[in-house]
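Going down the list, the protein sequences come from chains A and B.
So for the first sequence, the working numbering puts the first residue at 1; every next one is plus one.
So for the second sequence, the working numbering puts the first residue at 167; every next one is plus one.
Even glycine gets a Cβ: it sits at the ideal position worked out from N, Cα and C.
Comments concern the structure below.
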Amino acid sequence: MRHDLFLLGALLATTAAWAGEPGTALKNDSLRAEPYGDAKAVGSLNRGDKVDILAKQGAWLQVKAGKTTGWVRLLSIKRGSSSGGSEAAGVLALASGRAGTGQVVSTTGVRGLNEEALKSAKFNDADIQLLDTSAVSADDARQFAATGGLAARRLDYLPEPKGGAQ
Amino acid sequence: MRGLLLALLLVVSLPAMAFDLGKTLGGKSLKIGKTSKTEEIRIGREIAGNLLGAAPLVMDAELQKYVNRVGLWVALQSERPDLPWRFGVIDSSDLNAFAAPGGYVLITKGLYRTLNSEAELAGVLAHEIAHVVKKHHLKLLQKQQLLDAGAGLLGEQVGKDSDSVRKLIGSGAEICARSLDKGAEYEADRMGVILAARAGYDPYGLPEVLQAIGHAGRDDGRVALLFKTHPHPDDRLAKLGEAVGDRLDGVKDGKMLRERLYKMKE
Chain A
1 MRHDLFLLGA LLATTAAWAG EPGTALKNDS LRAEPYGDAK AVGSLNRGDK VDILAKQGAW
61 LQVKAGKTTG WVRLLSIKRG SSSGGSEAAG VLALASGRAG TGQVVSTTGV RGLNEEALKS
121 AKFNDADIQL LDTSAVSADD ARQFAATGGL AARRLDYLPE PKGGAQ
Chain B
167 MRGLLLALLL VVSLPAMAFD LGKTLGGKSL KIGKTSKTEE IRIGREIAGN LLGAAPLVMD
227 AELQKYVNRV GLWVALQSER PDLPWRFGVI DSSDLNAFAA PGGYVLITKG LYRTLNSEAE
287 LAGVLAHEIA HVVKKHHLKL LQKQQLLDAG AGLLGEQVGK DSDSVRKLIG SGAEICARSL
347 DKGAEYEADR MGVILAARAG YDPYGLPEVL QAIGHAGRDD GRVALLFKTH PHPDDRLAKL
407 GEAVGDRLDG VKDGKMLRER LYKMKE
């Protein structure tokens, strides 16, 4: 019964943004029977594996990878259909510095915030003052948080993962 | 780059030159921990003002007030709650957000429009807040200053008056077009997730935005600068995933506040 309620909750928590979408594994990870770190592993994903996203529950996604269905942490999955090879090629190009140069194609027809625009920018005195007038007091912010049901909690920063910045 | 910097540092520190960097700068050299808060804010204000010259604030007082409330609430959870934090939405269709020393945080209208919840806004602002808290841009300026010192451009007092600030930050808001090292971006991601969670939000707002940005095509001009100055969103997500692991398993009641996200008028 509890289990059914839980499953129902999982279904209700499913957001349209995730369910029914394809995804790609960003790293090697385990597929688990339930959305918990200590739940039984029912399979594994390798980086680059394609999955179908079935549901989202908190920080977990229920995915179908091949014939196996299981839960995986959502940070392990890149959402959406990517044409695998070209996406990977893109990342590689970026890493080697080949992408991101030259390709400044504005799709909007508006000049973007590119290097040139930033370099030639002149101090906007009126707007920096406007920025000041939009500032709020700490009490205002606290009140605003309380209205939204936001409660501050203690939490340590995440240590840098082993293997360093690269 | 690092090698060059080291080489310059060696040259600068040669005893035979009897060369005191701090002295040459009139005691105002931009050393981390030595730049006063007042100077830091002055530097940031100049950068933010120049950035506003490239893209002015969106003329929607309610929107600006809203991002200040979310932003300050998140900043209050940081180690520097007492900075004069300023948040703003700027009129650009680019997908980007910027931080300047002293507590200035600006997000583009383009990026704001992709957001689906207040938790996502909090996550984006938290990433920028982390840059300010860790003084990442101040350190970048310091590095640049040392390079300039090597090139013989020393002699200005730094951060003392607007002329010296202008000399320090260079032309316009060009510092906003420069990359921090990757480690600083990953660090800001790790801190951003935690700052948002400390503020009571769902910690996965920032990763959700990274997912959305990752979908922008490489030929999409709206992400040209962001992709140039940051690691690819896929790499950022993967790094974040490694860092988070099971550490946020206990954080279950974070709020998304989808319905409270302020809808832009135009």
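Proximity test, Cβ basis, 7 Å: residue i and chain B
i                      : result
residue 114 of chain A : yes
residue 37 of chain A  : yes
residue 26 of chain A  : yes
residue 22 of chain A  : no
residue 122 of chain A : yes
residue 148 of chain A : yes
residue 118 of chain A : yes
residue 41 of chain A  : no
Sheet register partners of residue i (DSSP bridge)
i                      : result
residue 144 of chain A : Paired residues: none, contrary to the question.
residue 367 of chain B : B:421
residue 273 of chain B : B:255 and B:263
residue 31 of chain A  : A:43
residue 65 of chain A  : A:68
residue 23 of chain A  : A:51 and A:79
residue 73 of chain A  : A:60
Within chain B, partners of residue i - CB distance below 7 Å
i                      : result
residue 76 of chain A  : 407
residue 136 of chain A : 231, 234, 235 and 238
residue 79 of chain A  : 377
residue 140 of chain A : 235
residue 52 of chain A  : By Cβ distance, chain B contributes nothing, its closest Cβ being about 16 Å from residue 52 of chain A, past 7 Å.
residue 55 of chain A  : Ordered by position in chain B, no residue passes the 7 Å Cβ test against residue 55 of chain A, which lies about 15 Å from the chain.
Collapsed DSSP secondary structure at residue i in the structure displayed
i                      : result
residue 57 of chain A  : strand
residue 235 of chain B : helix
residue 223 of chain B : strand
residue 278 of chain B : helix
residue 159 of chain A : coil
residue 36 of chain A  : coil
residue 248 of chain B : coil
residue 167 of chain A : The question about residue 167 of chain A has no answer here: the residues shown for chain A are numbered 1 through 166.
residue 240 of chain B : helix
residue 352 of chain B : helix
residue 139 of chain A : helix
residue 133 of chain A : helix
residue 167 of chain A : This structure cannot settle anything about residue 167 of chain A, because the visible part of chain A is limited to 1 through 166.
residue 203 of chain B : helix
residue 439 of chain B : Nothing in the structure corresponds to residue 439 of chain B, since chain B is present only between 167 and 432.
residue 397 of chain B : coil
residue 405 of chain B : helix
residue 114 of chain A : coil
residue 382 of chain B : coil
residue 412 of chain B : coil
residue 127 of chain A : helix
residue 9 of chain A   : Legend: pLDDT at residue 9 of chain A = 48, less than 50; position of this residue unreliable, value from coordinates given subsequently. Three-state result, residue 9 of chain A: helix.
residue 149 of chain A : coil
Cβ distance (whole Å) where residue i is taken to contact residue j below 8 Å
i                      : j                      : result
residue 113 of chain A : residue 262 of chain B : 6 Å
residue 39 of chain A  : residue 33 of chain A  : 5 Å
residue 341 of chain B : residue 291 of chain B : About 19 Å separates the two Cβ atoms, so there is no contact after all.
residue 118 of chain A : residue 223 of chain B : About 16 Å; that fails the 8 Å criterion.
residue 75 of chain A  : residue 63 of chain A  : Not really, about 13 Å apart at Cβ, beyond 8 Å.
residue 277 of chain B : residue 264 of chain B : Not really, about 10 Å apart at Cβ, beyond 8 Å.
residue 212 of chain B : residue 328 of chain B : 7 Å
residue 65 of chain A  : residue 31 of chain A  : 7 Å
residue 216 of chain B : residue 416 of chain B : The Cβ separation is near 43 Å, so there is no contact.
residue 400 of chain B : residue 383 of chain B : That belief does not hold up - the Cβ atoms of residue 400 of chain B and residue 383 of chain B are roughly 14 Å apart, past 8 Å.
residue 70 of chain A  : residue 23 of chain A  : Residue 70 of chain A to residue 23 of chain A, Cβ: 13 Å. No contact.
residue 135 of chain A : residue 366 of chain B : Actually they do not touch by this definition, with Cβ atoms about 21 Å apart.
residue 47 of chain A  : residue 27 of chain A  : 5 Å
residue 358 of chain B : residue 293 of chain B : 4 Å
Cross-chain neighbours of residue i in chain A, by beta carbon under 8 Å
i                      : result
residue 211 of chain B : 128
residue 418 of chain B : 58
Minimum Cβ-Cβ distance from residue i to chain A less than 7 Å
i                      : result
residue 252 of chain B : yes
residue 381 of chain B : yes
residue 422 of chain B : no
residue 340 of chain B : yes
residue 208 of chain B : no
residue 219 of chain B : yes
residue 267 of chain B : no
residue 283 of chain B : no
Contacts that residue i makes with chain B (C-beta to C-beta distance below 9 Å)
i                     : result
residue 44 of chain A : Per Cβ cutoff of 9 Å: no residues; residue 44 of chain A is ~15 Å from chain B at best.
Under 7 Å from the C-beta of residue i: neighbouring residues of chain A
i                      : result
residue 410 of chain B : 75 and 158
residue 357 of chain B : 157
residue 243 of chain B : 152
8 Å Cβ cut-off: residues of chain B touching residue i
i                      : result
residue 125 of chain A : 215
residue 153 of chain A : 363, 364, 366 and 417
residue 64 of chain A  : Near residue 64 of chain A there are no residues of chain B at all, since even the closest Cβ is about 19 Å away, more than 8 Å.
Proximal chain A residues relative to residue i, where beta-carbon distance stays under 9 Å
i                      : result
residue 428 of chain B : Going along chain A, no residue has its Cβ under 9 Å from residue 428 of chain B, so there is no contact; the nearest lies around 12 Å.
residue 222 of chain B : 124, 126, 127 and 130
residue 360 of chain B : 155, 156, 157 and 158
Minimum Cβ-Cβ distance from residue i to chain C less than 7 Å
i                      : result
residue 273 of chain B : Considering every chain present, this structure includes no chain C. Its protein chains are A and B.
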